[in-house]
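To keep things clear, I will list the structure first and then write my remarks on it.
Residue numbers (our numbering), protein chains in the order written: chain A, 1 to 60; chain B, 1 to 118.
Quick look at the structure:
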């Protein structure tokens with residue numbers, strides 16, 4: 001179970017990087033179509049991070 | 001490579017690689033998970049990364065095959081201004097909401113728009 005906790009922490013770090021990357025790109029790009037796609041992905045990343053944190057809280 | 005999308009394509013291709021790595025990572029983490037609910041979440045994240053990868057890949061393909069509308073947010077009001085597919089640099093469009101006029105310009109192989117006098 002400790003390994004699960006380590007892996008959840010790793011995945012949360014990856015999600016933080018994804019959230020930062022897609023947020024920066026949305027600010028940088030001026031293309032509405034591309035931004036709509038990136039906003040959808042960003043929304044998923046934020047939701048996934050929350051799910052991972054819920055598991056971490058449950059197992060910690 | 002599609003003219004006018006140099007930086008966008010560089011970012012999107014990097015995103016594609018990252019999502020590929022994520023899919024692989026989450027599949028690995030799902031395999032070694034002891035907790036059933038954690039395993040299920042990692043499997044879900046791997047499927048999501050695959051979906052992201054496919055969506056980004058479609059946009060790249062559209063851009064590279066000139067099947068992507070060149071559009072921008074109006075610098076005055078934020079409405080969408082569409083120059084259509086395969087426009088020429090110098091083409092002019094007027095914002096349909098605030099009527100401000102813009103020209104399509106190329107800055108180091110990236111499309112941009114500039115204000116034109118009314």
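Cβ coordinates follow ideal geometry from the N, Cα and C atoms, glycine included.
Bear in mind the structure is a predicted one, so any value in this text is a computation, not a measurement.
Residue i, enclosing alpha helix (DSSP H) - first and last residue
| i | result |
| --- | --- |
| residue 106 of chain B | That residue, residue 106 of chain B, is in no alpha helix (DSSP H); its beta strand (DSSP E) goes 101 to 107. |
| residue 16 of chain A | 2 to 28 |
| residue 50 of chain A | 32 to 59 |
Beta carbon proximity, residue i to chain A, threshold 7 Å
| i | result |
| --- | --- |
| residue 74 of chain B | no |
| residue 41 of chain B | yes |
| residue 45 of chain B | yes |
| residue 80 of chain B | yes |
| residue 107 of chain B | no |
| residue 71 of chain B | yes |
| residue 29 of chain B | yes |
| residue 1 of chain B | Confidence at residue 1 of chain B is low in this model, with a pLDDT of 42, below 50, so the placement of that residue is unreliable and no value is reported for it. |
Residues that residue i contacts on chain B, provided the C-beta gap is smaller than 7 Å
| i | result |
| --- | --- |
| residue 25 of chain A | 11 |
| residue 49 of chain A | Within 7 Å Cβ-Cβ: nothing; residue 49 of chain A doesn't reach chain B, min ~10 Å. |
C-beta neighbour in chain B for residue i, strict 7 Å
| i | result |
| --- | --- |
| residue 53 of chain A | no |
| residue 57 of chain A | no |
Contacts of residue i in chain A (Cβ-Cβ under 8 Å)
| i | result |
| --- | --- |
| residue 52 of chain B | 41, 44 |
| residue 8 of chain B | 29, 31, 34 |
| residue 59 of chain B | 33, 34, 37 |
| residue 48 of chain B | 44, 48 |
Continuous beta strand (DSSP E) stretch holding residue i: start and end
| i | result |
| --- | --- |
| residue 110 of chain B | 110 to 116 |
Within chain B, the residues that residue i reaches when beta carbons sit closer than 9 Å
| i | result |
| --- | --- |
| residue 9 of chain A | Going along chain B, no residue has its Cβ under 9 Å from residue 9 of chain A, so there is no contact; the nearest lies around 11 Å. |
Neighbour list for residue i in chain A, Cβ cutoff strictly below 9 Å
| i | result |
| --- | --- |
| residue 55 of chain B | 37, 40, 41 |
> At a Cβ cut of 7 Å, what residues of the stretch 31 to 44 of chain A count as close to chain B, listed as they run along the chain?
Replying inline: 31, 32, 33, 34, 37, 41, 44
>> My parser needs the beta strand (DSSP E) runs of 3 or more residues fully inside the stretch 26 to 100 of chain B; what are they?
In response: 71 to 73, 80 to 82, 92 to 94
> the stretch 87 to 101 of chain B: which residues have C-beta closer than 7 Å to a C-beta of chain A, in chain order?
Replying inline: none
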